[in-house]
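Take a look at the structure below.
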Amino acid sequence: MPEVDEIADGVYRIATFVEDDDLSLNQFLILDDEPLLFHTGPRAMFRETLDGIARVLDPERLRWVSWSHFEADETGALNEFLEFAPHALPVHTEFGAALNADDFAVKPTRTVPDGGAVDLGRHRLRLLATPHVPHCWDAVMAFETTTATLFTSDLLAQLGHRPPVTDSDVVEPALSLMRAFPDVIPIGGHTFAALDRLVALEPATLAIHHGGACNGHATRALVDFGTGLRDMAGTPR
Ligand SMILES: [Fe+2]
Ligand SMILES: [Fe+2]
């Protein structure tokens with residue numbers, strides 16, 4: 000059974016810890032008039048994720064499903080959710096739809112332009128195109144404007160079974176993962192340009208796909224993570 004915790008007002012983290020990988024897979028549910036699921040988790044984990052959602056709302060009420068980039072742990076169960084919830088539709092950028100979702104998804108994708116938003120009720124989710132950040136051409140970062148929650152996908156991912164939300168350091172554990180798996184995020188000028196754009200949003204909470212969510216010093220954590228990546232990029236492997 001996944002762990003279910005409210006990490007910001009109306010934003011729930013549904014986390015399944017995979018012992019063999021020492022990694023949590025965190026899906027996020029925004030509870031509102033038009034509930035949105037950000038990341039679906041893998042297809043094999045669909046029932047478990049569904050059970051977690053059901054502790055917050057009737058999963059048939061899901062209206063939107065979104066994600067950062069097309070990868071099994073972010074979109075594997077996309078069609079399962081679209082088929083389970085009668086009114087659920089995918090939402091992504093025009094490019095993300097054209098590259099992947101239009102072919103894969105069993106329902107048409109609602110698209111928003113870069114920086115555009117979907118209104119959920121009292122929450123509003125903006126999608127910012129961040130190609131190859133964390134990875135994949137279609138990648139976006141999503142920002143919920145009411146709670147200033149940034150959904151960072153694999154940026155700041157941490158290994159280990161961690162508390163659902165913390166105001167202690169997430170940067171060193173995230174850089175430690177990067178040192179262990181240096182190819183997980185391609186680092187270049189595009190990475191730092193995207194990070195600058197994210198820092199300018201001044202997020203209050205980082206809803207991270209793997210590990211614990213970060214609040215209390217979220218913007219600082221993004222800045223420090225960028226500094227750590229710059230150091231790594233300048234250090235020969
Ligand atoms: Fe990924
Ligand atoms: Fe991931």
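Quick note on numbering: numbering that gives the first Met the number 0 labels position 209 of the sequence shown as 208, and the sequence is numbered without any gaps.
C-beta: ideal position from N, C-alpha, C; glycine also.
Identified DSSP bridge partners for residue i
i, result
"residue 213", "165, 205"
"residue 13", "3, 26"
"residue 147", "According to DSSP, which records beta bridges pairwise, residue 147 is partnered with nothing at all."
"residue 91", "110"
Reduced DSSP secondary structure (H/G/I, E/B, other) of residue i
i, result
"residue 43", "helix"
"residue 189", "helix"
"residue 105", "coil"
"residue 158", "coil"
"residue 195", "helix"
"residue 218", "helix"
"residue 170", "helix"
"residue 129", "coil"
"residue 118", "strand"
"residue 175", "helix"
"residue 83", "helix"
"residue 77", "helix"
Nearest-angstrom beta carbon gap, residue j and residue i [assumed within contact, 8 Å]
i, j, result
"residue 170", "residue 223", "5 Å"
"residue 92", "residue 147", "The pair is not a contact, with the Cβ atoms about 21 Å apart (cut-off 8 Å)."
"residue 117", "residue 78", "Rounded, the Cβ-Cβ distance is 20 Å, inconsistent with contact."
"residue 62", "residue 86", "6 Å"
Rounded C-alpha distance that separates residue i from residue j
i, j, result
"residue 22", "residue 196", "28 Å"
"residue 173", "residue 157", "5 Å"
"residue 125", "residue 115", "5 Å"
"residue 7", "residue 143", "10 Å"
"residue 288", "residue 96", "Nothing in the structure corresponds to residue 288, since the chain is present only between 0 and 236."
Cβ-heavy atom distance, residue i to ligand 4, below 7 Å
i, result
"residue 189", "Ligand 4 is not part of the structure shown, which contains ligand 1 and ligand 2 as its ligands."
- prompt: Near ligand 2, which residues have their beta-carbon less than 5 Å from any of its heavy atoms, given in chain order?
  reply: 72, 153, 208
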